[in-house]
Structure formats: structure tokens, C-alpha cells
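Listed in order, the protein sequences are those of chains A and B.
Going by my numbering, the first sequence opens with residue 66, and the numbers climb by one from there.
Going by my numbering, the second sequence opens with residue 66, and the numbers climb by one from there.
Beneath this line is the structure, given in C-alpha cells, with notes to follow.
There are 2 protein chains.
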Amino acid sequence: MDIKRIAKATTQTLISYLTYQAVRVVIEQLKETDPPRSLWLHQFSTQERIQDGEGYLRDLMGSHKELALRIMTVRAHLAEEISEFLPEMLTTEIQAANAQHRRHYLERLTQLPLTGDPPDP
Amino acid sequence: MDIKRIAKATTQTLISYLTYQAVRVVIEQLKETDPPRSLWLHQFSTQERIQDGEGYLRDLMGSHKELALRIMTVRAHLAEEISEFLPEMLTTEIQAANAQHRRHYLERLTQLPLTGDPPDP
């Protein structure tokens with residue numbers, strides 16, 4: 066397995082996801098300070114558009130530079146804030162999820178009706 | 066902005082993505098060793114199904130326990146291998162992408178036709 070390729074692809078997925086989260090943060094902030102602009106950004110940020118984080122920012126940079134710059138600042142901030150915790154959260158949560166799948170499986174096994182004759186007393 | 070909630074949501078997204086990557090790794094490995102099973106796993110792993118990584122593994126655990134366990138092992142391995150590099154890759158790549166958006170914007174600005182009269186010689 067090509068760890069380097071997977072690490073790169075994972076980073077890109079992560080950046081797109083943090084861009085989406087940054088957009089949500091800015092829409093929420095604008096709800097307080099500038100509701101019409103919040104609505105505009107909400108309507109601009111369709112699901113199809115935002116799935117390609119960099120394409121979305123390029124478009125937004127053309128339509129509304131200040132908002133694009135603000136989202137870029139917020140996503141960089143989010144990355145700095147969470148990247149410290151990510152490695153541990155990731156490995157811990159995966160181990161927990163894996164253990165839960167194994168436990169569910171064992172529980173299901175023990176709930177199955179026993180086949181064959183009961184053992185002699 | 067609620068950093069803790071965003072960190073949790075990001076971790077879940079990351080786990081789902083690594084599950085998808087682990088499925089791809091196992092499908093590729095099986096192509097060499099057990100082509101019919103590779104095909105079966107490929108057909109089982111539809112896009113809708115795999116978007117919910119944990120639901121996907123629960124289903125697979127019911128249909129084909131060994132494959133589910135193998136994918137769980139691979140995703141844990143991937144997490145361990147890449148989590149060390151993720152924080153730096155993430156912040157570096159976001160800074161690079163942000164810088165590129167700013168640069169594109171400035172380039173576009175300087176390519177716009179000048180308005181107004183040319184300055185006097």
C-alpha cells in the first residue's frame with residue numbers, strides 16, 4: 066500500500082472538510098453581524114460547489130473577495146487549533162470503533178441459538 | 066467557534082475516509098491473491114454504503130467477517146502510519162493553498178484593463 070499517496074489524498078480531503086467547516090463558522094458569525102450577507106454566503110455555498118474546496122474559494126474570490134479571505138483565515142486557524150489533537154484522537158477513535166465492531170460481533174454470536182445436542186450432565 | 070465539536074466531527078470524517086482507503090487497499094491486495102473475492106468486495110462496497118464507514122463495517126461483519134476484520138486492521142495501520150505526518154502536512158498545505166488563492170487574485174487584478182485616462186507624460 067502506498068502510504069505517501071494515501072497521506073496526500075487524506076490531507077486534501079481534510080482541507081476540503083475544514084473549508085466546509087470554516088464556511089459554516091463564517092455563516093454563523095455573519096448571522097449576528099450582517100444577516101443579508103450571511104444569507105448570500107449560505108446560498109452561494111451549495112453542496113456541489115463546496116465539495117471542491119479550492120474551486121469554491123476561487124469562485125468566491127471572484128464574487129466576494131473579503132469573504133473568501135475570511136474563510137481562508139478561519140480554515141488556517143481551525144487547522145492549527147485541531148491538528149495538535151488529531152493524531153491521538155484519530156488512533157484512539159479508530160481503536161475504539163474497531164473494538165466495538167468486534168464486541169458487537171461476539172455478542173451476536175452468543176445470542177445465536179445453540180445447535181446440536183446439549184452436553185451431557 | 067466550537068473547536069472541540071469541529072475536532073470531533075473532523076476525526077469522524079477522517080475515520081470514514083481512511084475506511085474507504087482501507088477498502089481500496091484490500092480490494093487491490095485481493096486482486097492478486099483471490100480475484101473472485103476482490104470482485105465480491107468491490108461490488109459490496111458501493112459509494113452509498115461506504116459513506117457511512119461504521120455502518121459499512123457492521124454490514125460487512127455480518128456478511129464476511131474476515132474481510133471486515135482485515136479492513137479494520139488496515140485502517141488502524143493507515144491511521145498510525147499517517148497521523149504522525151498529518152498535522153504538518155495539513156498546516157503546510159493550507160498555507161500553500163491560501164497563498165496561491167491570494168496570488169491568483171493579485172495576478173487577475175493586474176491583468177484587468179486600466180480604467181480612466183492614462184497619466185500625463
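Every residue, glycine too, gets a C-beta built ideally from N, C-alpha and C.
Excluding the 5 residues flanking residue i on each side, which residues of the same chain have their C-beta closer than 7 Å to its C-beta?
i	result
Met126 of chain A	Ala133
Arg102 of chain A	Leu95
Lys130 of chain A	none
Report the CB separation of residue i from residue j in whole angstroms; it is logged as a contact under 8 Å.
i	j	result
Ile147 of chain A	Ala72 of chain B	4 Å
Thr156 of chain B	Glu145 of chain A	6 Å
Leu151 of chain A	Leu151 of chain B	6 Å
So which residues on chain B does residue i lean against when the C-beta distance must stay under 7 Å?
i	result
Ala144 of chain A	Leu155, Thr156 and Ile159
Phe109 of chain A	In chain order: nothing, as chain B lies at least about 16 Å away.
Glu119 of chain A	Ala162
Leu122 of chain A	His166
Report buried or exposed for residue i, applying the criterion of at least 16 other Cβ atoms within 10 angstroms of its Cβ.
i	result
Tyr128 of chain A	Here residue 128 of chain A turns out to be Ser, not Tyr, going by the sequence shown. So Ser128 of chain A ends up on the exposed side.
Thr138 of chain A	exposed
Gln165 of chain A	exposed
Arg140 of chain A	buried
Ala162 of chain B	buried
Leu171 of chain A	exposed
Leu104 of chain A	exposed
Note down, in chain order, each residue of its chain lying with its Cβ closer than 6 Å to the Cβ of residue i, except the 5 sequence neighbours on either side.
i	result
Ser110 of chain B	Val88
Ile115 of chain B	Tyr85 and Tyr121
Starting from residue i, find everything on chain A with Cβ-Cβ shorter than 7 Å and list it in chain order.
i	result
Lys259 of chain B	Because chain B in this structure spans residues 66 to 186, residue 259 of chain B falls outside the shown range and cannot be described.
Arg140 of chain B	Ile159
If you draw a straight line from the alpha carbon of residue i to that of residue j, how long is it in whole angstroms?
i	j	result
Leu143 of chain B	Leu174 of chain B	43 Å
Met66 of chain B	Asp99 of chain B	49 Å
Arg168 of chain A	Arg123 of chain B	11 Å
Ser81 of chain A	Thr75 of chain A	10 Å
Leu204 of chain A	Glu93 of chain B	Because chain A in this structure spans residues 66 to 186, residue 204 of chain A falls outside the shown range and cannot be described.
Gln112 of chain B	Thr78 of chain B	15 Å
Glu153 of chain A	Gln108 of chain A	36 Å
Gln176 of chain B	Arg70 of chain B	42 Å
Gly118 of chain A	Asp117 of chain B	21 Å
Glu97 of chain A	Glu97 of chain B	57 Å
How would you list, in chain order, the residues of chain B whose beta-carbon sits under 9 Å from the beta-carbon of residue i?
i	result
Ile92 of chain A	Here the premise fails: no neighbours, minimum Cβ distance about 11 Å.
His82 of chain A	Note on identity: in this sequence residue 82 of chain A is Tyr, with His being the wrong assignment. Chain B residues near Tyr82 of chain A: Ala74, Thr75, Thr78, Leu79 and Tyr82.
What do you reckon, is the C-beta of residue i under 7 Å from a heavy atom of the ligand HEM?
i	result
Lys69 of chain A	Absence of the ligand HEM is noted for the structure shown, with no ligands found whatsoever.
Find the residues of chain A that neighbour residue i, judging by a C-beta separation of less than 8 Å, and give them in chain order.
i	result
Gln86 of chain B	Ile71, Ala74 and Thr75
Considering only residues of the same chain and omitting the five flanking positions on each side of residue i, which have a CB-CB separation below 8 Å?
i	result
Arg135 of chain B	Val91
Ile159 of chain A	none
So which residues on chain B does residue i lean against when the C-beta distance must stay under 8 Å?
i	result
Arg102 of chain A	Near Arg102 of chain A there are no residues of chain B at all, since even the closest Cβ is about 18 Å away, more than 8 Å.
Ile147 of chain A	Ile68, Ile71, Ala72 and Thr75
Arg114 of chain A	What Arg114 of chain A touches in chain B: nothing, since even the nearest Cβ is about 15 Å away.
For residue i, which residues in chain A fall below 9 Å Cβ to Cβ?
i	result
Leu151 of chain B	Ala72, Thr75, Thr76, Leu79, Ser148, Leu151, Pro152 and Leu155
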